[in-house]
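Below is one structure; the comments refer to it alone.
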Amino acid sequence: MRFLPVSLNALLVELADLDQTLALLASLQRTPLTGVQELVPAARTLLVQFRPAATSVAELVHAIAARDLSQQVQRDATLVEIPVHYDGEDLAEVAQLLAITPEELVRRHTGSDYNVAFVGFAPGFAYLSGGHESLNVPRRATPRTRIPAGAVALAGSFSGVYPQASPGGWQIIGRTPLAMWDMERDMPALLQPGFRVRFVDIATLSEASRAALAGATVQKTLKPAAPVPGTGQALEVRSPGLLTLLQDGGRPGLAGQGVSASGALDQGACRTANRLVGNASHLACLETVGGGLQLASHGETVVAVTGADAPLTLTTAGGTRHAVPRYQALALAHGDVLAIGAPRAGTRCYVAARGGFDVAPVLCSLSTDTLAHVGPPALVAGDRLALCDVAHGAITGNAELPQDDLPSLCEDVVLDVIPGPRTDWFTPEALALLAGQRWRVTPQSNRVGLRLAGDEPLTRTITQELPSEGTVTGAIQVPASGQPVLFLADHPLTGGYPVIACVAPHHLDRAGQIPVSAWVRFNPIRPFEAINRP
Numbered sequence: 205m206r207f208l209p210v211s212l213n214a215l216l217v218e219l220a221d222l223d224q225t226l227a228l229l230a231s232l233q234r235t236p237l238t239g240v241q242e243l244v245p246a247a248r249t250l251l252v253q254f255r256p257a258a259t260s261v262a263e264l265v266h267a268i269a270a271r272d273l274s275q276q277v278q279r280d281a282t283l284v285e286i287p288v289h290y291d292g293e294d295l296a297e298v299a300q301l302l303a304i305t306p307e308e309l310v311r312r313h314t315g316s317d318y319n320v321a322f323v324g325f326a327p328g329f330a331y332l333s334g335g336h337e338s339l340n341v342p343r344r345a346t347p348r349t350r351i352p353a354g355a356v357a358l359a360g361s362f363s364g365v366y367p368q369a370s371p372g373g374w375q376i377i378g379r380t381p382l383a384m385w386d387m388e389r390d391m392p393a394l395l396q397p398g399f400r401v402r403f404v405d406i407a408t409l410s411e412a413s414r415a416a417l418a419g420a421t422v423q424k425t426l427k428p429a430a431p432v433p434g435t436g437q438a439l440e441v442r443s444p445g446l447l448t449l450l451q452d453g454g455r456p457g458l459a460g461q462g463v464s465a466s467g468a469l470d471q472g473a474c475r476t477a478n479r480l481v482g483n484a485s486h487l488a489c490l491e492t493v494g495g496g497l498q499l500a501s502h503g504e505t506v507v508a509v510t511g512a513d514a515p516l517t518l519t520t521a522g523g524t525r526h527a528v529p530r531y532q533a534l535a536l537a538h539g540d541v542l543a544i545g546a547p548r549a550g551t552r553c554y555v556a557a558r559g560g561f562d563v564a565p566v567l568c569s570l571s572t573d574t575l576a577h578v579g580p581p582a583l584v585a586g587d588r589l590a591l592c593d594v595a596h597g598a599i600t601g602n603a604e605l606p607q608d609d610l611p612s613l614c615e616d617v618v619l620d621v622i623p624g625p626r627t628d629w630f631t632p633e634a635l636a637l638l639a640g641q642r643w644r645v646t647p648q649s650n651r652v653g654l655r656l657a658g659d660e661p662l663t664r665t666i667t668q669e670l671p672s673e674g675t676v677t678g679a680i681q682v683p684a685s686g687q688p689v690l691f692l693a694d695h696p697l698t699g700g701y702p703v704i705a706c707v708a709p710h711h712l713d714r715a716g717q718i719p720v721s722a723w724v725r726f727n728p729i730r731p732f733e734a735i736n737r738p
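In our numbering, the protein residues as written are 205 to 738.
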């Protein structure tokens, strides 16, 4: 085993092969270690996320290094057949890379069974090992910003099927009408670890079989219906602004199902908003980006707005308009309308309402994961959010001090980073460039990650393909283009590009507030070095 630093609360265990990785995962699942919160298996690594207050890196390394990896992991006998239209946009290019015809590529892809090695990237995305030994192709130099749901793709020696439309760097060779992830099934993920998979060329199926598949849908996502208007307290969305979502602490602990934690990008602002209105800190807030959100009060309600430095305007039912403060509980009368303007600093505001929002949770959370399409839908004008009855919790009436260091376009945003886990894949010049160069946040950025652009790209000493491995929020992943992506809360669980460094946990909220076109600088707070094992 080799142990690599990831962040102040995560480390990466590198092993010899997939069998050893699965053996270590099984061992840690049978006999868990104190303080470990999440385990994310991949091709040859296991990402271990932990609570620093409950354990230390040294304790974890000592305990993990002593585990027995000789036991073979039992596989499931279930066979799933996946019909494919082999008309992917990269089919001809992949065939050329392999020096074969597209027809031969299809024959090889359908000629062998695969095993579900592990799940990751997004809910329902299975990494399929096995298949023809020649099917080993590099990822794209620059990942696409959108790959359609149902895309059948190759990367390295793995095959996979994209369960949702999402960014990705795999080579697309076809598409399937089957839903890889469906919340209405008893097991939402069609493919489970250990299952066998066989791809079938739809062109070879009978006319009756093709007709049956024509009515299939690629993806069904459980989206709770908007709350039915009632007579109780509620907030009505007059305008949702650019994007307004429900967000809370997220869904930690579901990596085994391929589900990322997601949650509010500025967790501190979300907790503070709840505290101001007397709610438990874990309840959901409205996360709105860029301003423009307008909420009308039905009945008497109490709200608080935190996060970005945005002007707040309250318009009464009688038409009187006046400014109101952030970071303070606000009592709204029936008919009052609260409007959030364009932020002067930061980019996301958080609105908490006394009692919390009466919306059905999805997988035990109200957070909306925009990559995985898990959670309540984005709010639209006319939505009416009923509020829960208040059982307890006092409103102190005290205002809290807003953040005084919110990111803005006026000055560079500095983020502390921890080098690793793949810092040694990059040249010394790239390491100096990471910290010494300013990076512009591009308009392609979102809750999945900040896409950054610098005058000079980061170059690597190791240019071979990196087998997919677990990633954390704050990971700075570098594709072949050399222009990094800083992963935020809706990032994929696993990725196939090397991570040069990770944003320190104490700066993750700041990263979630960086506006588009801002300049970012990275400040390494310690040198990179592998973790010594006993």
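Backbone N, C-alpha and C define an ideal beta-carbon position, used for all residues, glycine too.
query, result
"Reference V555; option with closest CA among N478, L222, L208, S466", "N478"
"Beta strand (DSSP E) runs wholly inside the segment 681 to 711, at least 3 long, in chain order", "689 to 691, 703 to 707"
"Identity of the residue in A355, G462, V310, L583 nearest M391 by Cα", "G462"
"Residue span of the alpha helix (DSSP H) that contains I307, given as start and end", "Checking the displayed sequence, the identity of residue 307 turns out to be Glu instead of Ile. Unbroken alpha helix (DSSP H) run through E307: 306 to 314."
"For H526, the three-state DSSP class (helix, strand or coil)", "strand"
"Inter-stretch contact (C-beta, 8 Å, three-pair minimum) for the segment 483 to 490 and the segment 448 to 465", "yes"
"DSSP bridge partner residues for T510 (one or two, in chain order)", "Y554"
"Assigned exposure category for V422 - 16 Cβ within 10 Å defines buried", "Confidence at V422 is low in this model, with a pLDDT of 46, below 50, so its placement is unreliable and the value that follows should be read with caution. The residue is buried, with at least 16 neighbouring Cβ atoms inside 10 Å."
"Distance between beta carbons of L692 and G653, contact taken as under 8 Å", "5 Å"
"Neighbourhood of V284 by C-beta distance below 8 Å, restricted to the same chain and skipping five residues each side", "L394, L395, F399, R400, V401, R402"
"Identified DSSP bridge partners for G472", "In the DSSP output, where bridge partners are listed per residue, G472 has none listed."
"Endpoints, beta strand (DSSP E) assigned at P444", "438 to 444"
"Complete beta strand (DSSP E) runs within the segment 605 to 689 (minimum length 3 residues, chain order)", "617 to 623, 643 to 645, 653 to 657, 679 to 681"
"Validate contact between the segment 367 to 386 and the segment 285 to 295 using beta carbons, cut 8 Å, 3 pairs", "yes"
"Under 8 Å between C-beta atoms of T185 and L216", "Outside the modelled stretch of the chain, which goes from 205 to 738, sits residue 185, for which no answer is possible."
"A679 vs V645 beta-carbon contact at 8 Å", "no"
"Length of the line joining the Cα atoms of L638 and V621", "10 Å"
"P209 Cβ short of 7 Å to the ligand FMN heavy atom set", "No copy of the ligand FMN appears in this structure; indeed no ligand is present at all."
"Buried or exposed by the 16-neighbour rule on C-beta atoms within 10 Å, applied to P580", "buried"
"Reduced DSSP secondary structure (H/G/I, E/B, other) of A359", "strand"
"Assumed close pair V244, G674 - CB separation to whole angstroms, cut-off 8 Å", "3 Å"
"Assigned secondary structure, G559 (DSSP; H/G/I helix, E/B strand, else coil)", "coil"
"Alpha helix (DSSP H) segment containing T225, residue limits", "222 to 234"
"DSSP-derived helix/strand/coil call for E179", "This structure leaves residue 179 out entirely; the chain is present only between 205 and 738."
"For G372, the three-state DSSP class (helix, strand or coil)", "strand"
"Among G700, H711, T574, A722, nearest to P625 - alpha-carbon criterion", "G700"
"First and last residue of the uninterrupted beta strand (DSSP E) at A543", "541 to 544"
"Cβ shell of R414 (< 8 Å), same chain only, five flanking positions each side left out", "I406"
"Residue nearest to G239 in terms of C-alpha spacing, selected from H502, G457, L358, S333", "G457"
"First through last residue of the beta strand (DSSP E) which encompasses A535", "534 to 536"
"D616 and R642 closer than 8 Å at C-beta", "yes"
"Helix, strand or coil at V594 according to DSSP, with G and I counted as helix", "coil"
"Straight-line Cα distance separating I735 from R206", "8 Å"
"C-alpha distance - L448 paired with S501, whole-angstrom precision", "Note that residue 448 is Thr in the sequence shown, not Leu. Taking the straight line from one Cα to the other gives about 17 Å."
"Residues that D191 bridges to, as DSSP identifies them", "No answer is possible for residue 191: the residues shown for the chain start at 205 and end at 738."
"Residue interval of the beta strand (DSSP E) (run including L449)", "447 to 451"
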